[in-house]
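Just remember that this note's numbering sits 8 ahead of the position in the sequence shown, which is counted from 1.
Every residue gets a Cβ at the ideal spot worked out from N, C-alpha and C, and that includes glycine.
The model shown is predicted, which means the values in this text are computed figures rather than measured ones.
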Amino acid sequence: MESLKQTALDYTLGVLPKEDSLLFEARLEEDDDVRKFLVEAQEDCASLSMTAVPASLSNEVRSRVMEYCEPKMDFDPFLSTDDISRLRNNFSFSMNRYQGGDASVDINDIQQGAIKNEVLASYDHLQNLLPLISGNSKAAAGEFDDLQSVLRSKPSLSQGVDQILGHDFNSENPVSRSVLRTALATLPSLSFFSDRLRENKANLADTRRMFYLCRDQLKIMRASFKDLDPEGLIEDEKLRLHGAGLLQTKWWGAEHAYFSSKGQVKCGHFFDGPVTERCIEFAEYDANMYCLANLLAPRSSTGDFHMELLKDAIPGATLAVATAKMSDHEHRSLQEIITGSSVISGMALQDYYLWKLIEDSMLRGHRSTDLKDLQERKIYGINRIKDFTYLWFAWPAVL
Numbered sequence: 009m010e011s012l013k014q015t016a017l018d019y020t021l022g023v024l025p026k027e028d029s030l031l032f033e034a035r036l037e038e039d040d041d042v043r044k045f046l047v048e049a050q051e052d053c054a055s056l057s058m059t060a061v062p063a064s065l066s067n068e069v070r071s072r073v074m075e076y077c078e079p080k081m082d083f084d085p086f087l088s089t090d091d092i093s094r095l096r097n098n099f100s101f102s103m104n105r106y107q108g109g110d111a112s113v114d115i116n117d118i119q120q121g122a123i124k125n126e127v128l129a130s131y132d133h134l135q136n137l138l139p140l141i142s143g144n145s146k147a148a149a150g151e152f153d154d155l156q157s158v159l160r161s162k163p164s165l166s167q168g169v170d171q172i173l174g175h176d177f178n179s180e181n182p183v184s185r186s187v188l189r190t191a192l193a194t195l196p197s198l199s200f201f202s203d204r205l206r207e208n209k210a211n212l213a214d215t216r217r218m219f220y221l222c223r224d225q226l227k228i229m230r231a232s233f234k235d236l237d238p239e240g241l242i243e244d245e246k247l248r249l250h251g252a253g254l255l256q257t258k259w260w261g262a263e264h265a266y267f268s269s270k271g272q273v274k275c276g277h278f279f280d281g282p283v284t285e286r287c288i289e290f291a292e293y294d295a296n297m298y299c300l301a302n303l304l305a306p307r308s309s310t311g312d313f314h315m316e317l318l319k320d321a322i323p324g325a326t327l328a329v330a331t332a333k334m335s336d337h338e339h340r341s342l343q344e345i346i347t348g349s350s351v352i353s354g355m356a357l358q359d360y361y362l363w364k365l366i367e368d369s370m371l372r373g374h375r376s377t378d379l380k381d382l383q384e385r386k387i388y389g390i391n392r393i394k395d396f397t398y399l400w401f402a403w404p405a406v407l
């Protein structure tokens with residue numbers, strides 16, 4: 009235990025080597041003691057910072073400490089906008105909150121055999137892949153031979169994405185939405201890192217990122233197709249609170265890719281508390297966050313974007329916000345996609361699908377059948393403040 013406590017302290021100070029940091033983060037997912045010692049170390053460092061004598065740090069340590077201690081982005085201008093004021097004044101909380109699962113269809117509802125086969129093959133492949141990139145795997149310790157061998161033995165995940173998206177979709181159809189959620193939320197970034205690991209460029213950071221993406225993709229697929237993995241779905245449906253810290257762990261400083269576009273993610277200091285009540289609800293929340301990231305990553309003018317979860321900004325809700333510095337041209341193109349005010353094709357059509365997935369989730373999350381009402385109440389939306397574009401959605405809080 010003392011060794012673990014010291015590791016948590018080293019991690020907090022930013023002096024733990026990168027490889028050991030990734031292993032420590034892997035244990036955060038499963039070990040309550042690891043999370044407890046991390047909180048204690050953070051509190052100890054906060055207290056020491058009030059009395060410590062300044063000292064010189066190496067550039068590497070300094071950069072990691074500064075990244076960890078970077079002040080929160082100022083969201084006051086955004087929270088003071090008319091849109092968020094309207095959301096705040098019109099948000100209503102129901103004690104009978106949505107807990108996920110209503111987006112599910114049967115795998116046999118997919119009429120196109122090629123798509124159904126691709127979904128089934130992708131799920132089996134990712135199930136076999138997950139143990140090879142988990143916290144106690146060889147790849148997590150820096151040995152990539154087994155992982156690369158398995159990746160190279162199967163067609164690239166990118167090919168599967170292209171095959172699915174080569175079909176025409178009616179975004180209003182529940183089956184189409186489940187297929188699109190499977191293909192567009194997590195899979196583009198997962199495919200990017202999978203392809204990079206297939207080559208001779210494997211590293212621990214990519215392995216760790218791929219672990220999160222693979223795990224999330226499997227959950228999203230189970231939530232989208234109820235008969236894909238019935239036993240796994242039973243586990244996902246159990247009452248199990250999921251906190252904001254789980255989102256922060258996998259997004260903080262991560263590299264995110266949407267097809268060929270990449271972006272570095274910056275996060276605020278997500279509040280300490282639950283966001284969802286079941287895995288199946290968390291899968292849907294995850295999908296929404298990935299959709300926001302996918303919309304911003306290709307358009308950021310600085311190569312990064314910022315994500316934040318705000319607990320108290322809207323009473324009774326968790327407010328997810330994603331923002332990036334963006335040119336006026338990119339903002340207008342995104343706004344046209346979101347409003348459907350122009351003819352949409354190509355990559356813009358995929359982005360339109362991303363926004364439709366969020367809209368569909370908002371209807372379920374707020375137990376509504378009136379999308380126009382949700383739009384007028386600003387339950388979700390897009391805004392522009394100076395050079396920054398903001399996307400957001402409000403989700404009923406866990407009391």
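{"Asked": "Close-in-space but distant-in-sequence residues of the same chain around residue 87 (CB under 7 Å, 5 per side omitted)", "Found": "321"}
{"Asked": "N-terminal and C-terminal residue of the beta strand (DSSP E) that residue 250 is part of", "Found": "247 to 251"}
{"Asked": "Residue 377 - DSSP class collapsed to helix/strand/coil", "Found": "coil"}
{"Asked": "Nonlocal neighbours in the same chain, by C-beta distance under 8 Å from residue 62, ignoring five residues either side", "Found": "A caution first: residue 62 carries a pLDDT of 45, below 50, which makes its placement in the model too unreliable to give a value."}
{"Asked": "Segments of 4+ residues assigned as alpha helix (DSSP H) that fall wholly inside the stretch 321 to 364", "Found": "336 to 347"}
{"Asked": "Reference residue 274, options 239, 292 and 310, closest by Cα", "Found": "310"}
{"Asked": "The stretch 156 to 173 contacting the stretch 186 to 206, beta-carbon criterion three pairs below 8 Å", "Found": "yes"}
{"Asked": "Exposed unless 16 or more other CB atoms sit within 10 angstroms - verdict on residue 393", "Found": "exposed"}
{"Asked": "Opposing strand residues paired with residue 424 [DSSP bridges]", "Found": "A query on residue 424 cannot be resolved here, the shown segment of the chain reaching from 9 to 407 and no further."}
{"Asked": "Within 9 Å, strictly: CB atoms of residue 219 and residue 34", "Found": "yes"}
{"Asked": "Whole-angstrom distance between residue 16 and residue 60, CA atom to CA atom", "Found": "Any reading at residue 60 is ruled out, since the residue's pLDDT is 44, under 50, leaving its predicted position unreliable."}
{"Asked": "Limits of the alpha helix (DSSP H) - the one that residue 103 falls within", "Found": "Premise fails: residue 103 is in no alpha helix (DSSP H) and is neither H nor E."}
{"Asked": "Per-residue DSSP class, three states only, for residue 269", "Found": "strand"}
{"Asked": "Closest by C-alpha distance to residue 94, when choosing among 387, 399, 396 and 391", "Found": "387"}
{"Asked": "For residue 312, the residue or residues it bridges with in DSSP", "Found": "272"}
{"Asked": "Residue closest to residue 141, alpha-carbon to alpha-carbon, out of 82, 364 and 156", "Found": "156"}
{"Asked": "For residue 327 and residue 289, the rounded distance between their alpha carbons", "Found": "16 Å"}
{"Asked": "Simplified DSSP state of residue 85, which is helix, strand or coil", "Found": "helix"}
{"Asked": "As assigned by DSSP and simplified to three states, the class of residue 264", "Found": "strand"}
{"Asked": "Run of the alpha helix (DSSP H) containing residue 183, from where it starts to where it stops", "Found": "182 to 192"}
{"Asked": "Within 9 Å, strictly: CB atoms of residue 315 and residue 276", "Found": "yes"}
{"Asked": "Residue 111 vs residue 301 beta-carbon contact at 9 Å", "Found": "no"}
{"Asked": "Residue(s) in a DSSP beta bridge with residue 286", "Found": "247"}
{"Asked": "Status (buried if at least 16 other CB within 10 Å, exposed otherwise) for residue 152", "Found": "buried"}
{"Asked": "Residue from 264, 179 and 227 with nearest C-alpha to residue 213", "Found": "264"}
{"Asked": "Residue range of the unbroken alpha helix (DSSP H) whose run includes residue 278", "Found": "Unbroken run through residue 278: none, as it is neither H nor E."}
{"Asked": "DSSP beta-bridge partners of residue 317", "Found": "328"}
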